[in-house]
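The block underneath contains the structure these notes are about, expressed in structure tokens.
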Amino acid sequence: MEGEIIFNALNGLTGETLEERITKGTEIIIQSGILHSMKIIKPTIYIEYRSTIFNPQQPDTYDVSTYQEYLETFKNRL
Numbered sequence: 004m005e006g007e008i009i010f011n012a013l014n015g016l017t018g019e020t021l022e023e024r025i026t027k028g029t030e031i032i033i034q035s036g037i038l039h040s041m042k043i044i045k046p047t048i049y050i051e052y053r054s055t056i057f058n059p060q061q062p063d064t065y066d067v068s069t070y071q072e073y074l075e076t077f078k079n080r081l
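Numbering (this note's numbering), first residue to last: 4 to 81.
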């Protein structure tokens, strides 16, 4: 990553939250079920590595309005 962002995350299962200022060279690993957002502070470039190929017919990204529904589905897989 190059630039600067504010990274926010919420673990809907535990209620744990995180807000962190992220700068050049930082690596972030986001586990399944973690709602997250990034607010750009300075012009930013980042590379996203995925463990799976993105399938537009079955996206694994969700609108925040469906997060609670997603959590129920996620809990059922645990």
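Even glycine gets a Cβ: it sits at the ideal position worked out from N, Cα and C.
With distances taken between CB atoms, is the gap from Tyr-65 to Tyr-73 smaller than 9 Å? For Tyr-65 and Tyr-73, yes; Cβs fall inside 9 Å.
Does the distance from the CB of Asn-58 to the CB of Gly-36 come in under 9 Å? no
Taking the Cβ atom as the reference point for each residue, do Ile-31 and Glu-7 lie within a distance shorter than 9 Å? no
Taking the alpha-carbon of Lys-27 as reference, which of Pro-62, Thr-55, Pro-46 and Thr-17 has the nearest alpha-carbon? Closest option to Lys-27, Cα to Cα, is Pro-46.
Taking 9 Å as the cut-off, decide whether the C-beta atoms of Tyr-70 and Glu-5 are in contact. no
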